[in-house]
Amino acid sequence: MRSVTLLIAVGLALIATNVLAGAGDAKPGISAQALDYGRNISPLESLAGLRPVEAKHAMVVTAQHLATRVGVRILREGGNAIDAAVAIGYALAVVHPCCGNIGGGGFMVIHLANGENRFLDFREKAPLKAYPKLFQNAQGEVVPGLSTHSYLGVGVPGTVMGLNAALTQYGTLPLKTVMAPAIALARKGYILDPGDAHILDGRADDFRKYPNVDAIFLNHGQPWRAGERLRQPQLARTLERIAEGGTHAFYRGRIAKAIVAASAQHRGILSLQDFADYTVRWAKPVECDYRGYTIVSDPPPSSGGTTICEILQIVKPYPLGEWGYASVKTLHYLIEAERHAFADRNTYLGDPAFVHNPIRELLSPAHAAKIRAQIRPDAATPSSEVKGSLGPAEGTNTTQFSVVDAHGNAVSVTYTINYLFGLGQIAGDTGFFLNNEMDDFTSKPGVPNSFGLVQGRVNQIEPGKRPLSSMSPTIVLRHGKLFMVTGSPGGSTIISTTLETILNVIDFGMNMQQAVDAPRFHEQWQPPTVMIEPGLLTPATQRTLEKMGYRFTYGNAWGAAMAILANPKTGLYEGAADRRRPSALAAGY
Ligand code: DON
């Protein structure tokens, strides 16, 4: 047993190392060494013994332990889940600067103790001067790097307006109170742990290119090391301005001016009008039924909720639990369902302010039945044979946090600056990284974006439009009561990650930690190969699936779920921080 445990620990460390190295713009896969992990143990054996953190009243799970502690403190001191979520959102912008942000955007799904479900869209918008061929040259070719490494890739940030709108609508504490921990962490600094230092090291070479980034995120030109204290006085000042002046301080004041000036200096197109015009949007979440549970997730401009629900509607009649986790049959039908649902995602979904999203059709029983009829029992479907199934369309970094309070309110948030540290640039002395979210648009139909997503015209760039996202902050209810809060970073793999945390609990009976840590797979139509994590397939399963026509790659940018289960059997909350983020923490009281 000890050697099995050791094997698991080594395997997990290898995965974590590779995932972190691979997140953002680098694209290494998992090393050949890591492929050996799990060869001699079954996927389920490797999960035995994993336990979630348990708490009676409330739970917080985030990708950085200090942000988790901020959330728990707010809850203990009488704040509700929304107060805690906003405090965490600002704290992560300081202690998890790769991903937590005020320079990007995201989505929030809320389940209130009174049964109401809400969705808040604070996704970035394209600048008013943007146009469909923004990233193409005169010959109509996509220019590499324009959407990811230039100021043209920056969308108008939504995080500050989003967090503040959530607080105004459902919070109970003043903005100054919930921002105070973030400001203190930025001003006094915090001690980096090995996970923090590893992430910062991931883009150290890029940090060297810009003196204002170098001055903060390198230590006299060298990468910060674990045990050292990272102080961010400029970010502290920016956060103080927001705490004092509210949303206006960001969108109408000095901060917007600094970003517009930096954009102009680097041949970007952001204008003060973009900031003045920016809005967030409250809407109804996407909801669907799965085996008596209600999935509550995000609608467009995210594809997450719709795609997860479409996959669940397709696989509903299959006895996945009977077939078992990581069995040939389970994987075959889930991969096929993902292939079809991603083809639909990439063809039909886009910003609802600009295009019609056929959600009702995509989630209808008839549509699921039509797709099931195309799945052969004994062979993989070549992706080239799969098209968006409603006919022609009409028209790497992120973080997740999950909060439940003692009243039964729950909040699931995913927000992002796209790549690890986004654009890798900071406007003047504002102290925070800007996003490169514009890469989520279709630069040209048929040409893959950074996450390999081959998308269509529905998601083309237009002024003021929001790029289609895969972020999937999700809440699951059982008989109308809170059951699970989940979500993940990971680009397009966010969808499969979030989906699999749900299936692992509902169909395969795992506890929350096992469900989050279990090796995963991901299929997104194009490319046709299936991404898998080491430890998922036994040699026999792999051989059988390969005979059926499947091809596997070991991919990067795997998600990192931060999830909470309200266990109806124990009456306790189970918190699970993903092993793939070593600095993450689940904690409650
Ligand atoms: O919104 C999206 O789908 C992407 N911009 C998310 C990027 C991401 O998750 C990168 N992180 N690992």
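Positions -21 to -1, 1 to 568 (mature numbering (1 follows the signal peptide of the UniProt record, and there is no 0)) are the ones given, in order, by the sequence shown.
Note that beta-carbon positions come from the ideal geometry of N, C-alpha and C, so glycine has one too.
Counted within 10 angstroms of its Cβ, other Cβ atoms place residue i as buried (16 or more) or exposed
| i | result |
| --- | --- |
| residue 118 | exposed |
| residue 330 | buried |
| residue 434 | buried |
| residue 382 | buried |
| residue 261 | exposed |
| residue 357 | exposed |
| residue 327 | buried |
| residue 1 | Reliability of the predicted coordinates at residue 1 is poor, the pLDDT of 29 falling under 50, and the value obtained from them is presented with this limitation in mind. With 16 or more Cβ atoms within 10 Å of its Cβ, residue 1 is classed as buried. |
| residue 532 | exposed |
| residue 263 | exposed |
| residue 560 | buried |
| residue 499 | buried |
| residue 545 | buried |
| residue 339 | exposed |
| residue 569 | Absent from the model: residue 569. The displayed extent of the chain is -21 to 568, so no value can be given. |
| residue 22 | buried |
| residue 151 | exposed |
| residue 184 | exposed |
Alpha helix (DSSP H) segment containing residue i, residue limits
| i | result |
| --- | --- |
| residue 288 | 283 to 294 |
| residue 213 | 212 to 224 |
| residue 340 | 338 to 341 |
| residue 234 | 233 to 244 |
| residue 50 | 44 to 55 |
| residue 569 | Any property of residue 569 remains undetermined from this structure, which presents the chain solely from -21 to 568. |
| residue 178 | 173 to 180 |
Beta-carbon proximity check, residue i vs residue j, cutoff 7 Å
| i | j | result |
| --- | --- | --- |
| residue 139 | residue 81 | yes |
| residue 105 | residue 259 | no |
| residue 554 | residue 543 | yes |
| residue 446 | residue 411 | no |
| residue 154 | residue 222 | yes |
| residue 469 | residue 538 | yes |
| residue 480 | residue 501 | no |
| residue 181 | residue 399 | yes |
| residue 344 | residue 369 | no |
| residue 135 | residue 304 | no |
| residue 241 | residue 407 | yes |
Segment limits, beta strand (DSSP E) that includes residue i
| i | result |
| --- | --- |
| residue 189 | Segment: none, residue 189 is in no beta strand (DSSP E) and carries neither H nor E. |
| residue 39 | 38 to 41 |
| residue 261 | 260 to 262 |
| residue 460 | 460 to 465 |
| residue 511 | 509 to 511 |
| residue 546 | 541 to 546 |
| residue 158 | No beta strand (DSSP E) holds residue 158; the alpha helix (DSSP H) holding it covers 154 to 167. |
| residue 353 | Run containing residue 353: none in the beta strand (DSSP E); it sits in the alpha helix (DSSP H), 344 to 353. |
| residue 552 | 551 to 556 |
Rounded C-alpha distance that separates residue i from residue j
| i | j | result |
| --- | --- | --- |
| residue 482 | residue 312 | 13 Å |
| residue 562 | residue 168 | 16 Å |
| residue 239 | residue 251 | 6 Å |
| residue 457 | residue 291 | 16 Å |
| residue 429 | residue 126 | 9 Å |
| residue 29 | residue 341 | 36 Å |
| residue 141 | residue 99 | 7 Å |
| residue 201 | residue 195 | 11 Å |
| residue 121 | residue 385 | 51 Å |
| residue 129 | residue 558 | 33 Å |
| residue 285 | residue 459 | 20 Å |
| residue 552 | residue 24 | 24 Å |
| residue 37 | residue 79 | 22 Å |
| residue 41 | residue 377 | 12 Å |
| residue 214 | residue 409 | 6 Å |
| residue 504 | residue 224 | 46 Å |
| residue 322 | residue 219 | 45 Å |
| residue 235 | residue 254 | 7 Å |
| residue 46 | residue 70 | 5 Å |
| residue 87 | residue 526 | 42 Å |
| residue 529 | residue 424 | 26 Å |
| residue 132 | residue 300 | 43 Å |
Any non-hydrogen atom of the ligand FMN closer than 6 Å to residue i Cβ
| i | result |
| --- | --- |
| residue 94 | Absence of the ligand FMN is noted for the structure shown, with the ligand DON being the only ligands found. |
Cutoff 7 Å: residue i Cβ touching any chain D Cβ
| i | result |
| --- | --- |
| residue 53 | Structure shown: chain D not included; a single protein chain is present. |
| message | Does the structure place the segment 444 to 455 close enough to the segment 275 to 292 that three or more beta carbon pairs sit under 8 Å? | response | Verdict: yes, contact present.
| Is it true that the segment 409 to 416 meets the segment 107 to 115, where meeting means three or more beta-carbon pairs spaced less than 8 Å apart? | With the cut-off at 8 Å, the segment 409 to 416 and the segment 107 to 115 do not touch.
| If you pair each beta-carbon of the segment 484 to 497 with each one of the segment 316 to 331, do three or more pairs fall below 8 Å? | As far as the Cβ criterion goes, the segment 484 to 497 does not touch the segment 316 to 331, which means the pair count is below three.
| Between the segment 455 to 464 and the segment 388 to 401, are three or more C-beta pairs nearer than 8 Å? | Because the criterion of three Cβ pairs below 8 Å is met, the segment 455 to 464 and the segment 388 to 401 touch.
| field | Inter-stretch contact at 8 Å, needing at least 3 Cβ pairs: the segment 195 to 213 / the segment 228 to 235 | value | With the cut-off at 8 Å, the segment 195 to 213 and the segment 228 to 235 do not touch.
| said: With a threshold of 8 Å, are at least 3 pairs of Cβ atoms found where one atom belongs to the segment 435 to 444 and the other to the segment 90 to 102? | reply: Because the criterion of three Cβ pairs below 8 Å is not met, the segment 435 to 444 and the segment 90 to 102 do not touch.
| task | Would you check if there are 3 or more beta carbon pairs closer than 8 Å linking the segment 50 to 70 to the segment 352 to 368? | result | Contact fails between the segment 50 to 70 and the segment 352 to 368, because fewer than three Cβ pairs, one in each stretch, are under 8 Å apart.
| request: Flag this pair as touching only if the segment 70 to 79 and the segment 149 to 166 have three or more C-beta atom pairs under 8 Å; answer yes or no. | output: As far as the Cβ criterion goes, the segment 70 to 79 touches the segment 149 to 166, which means the pair count is three or higher.
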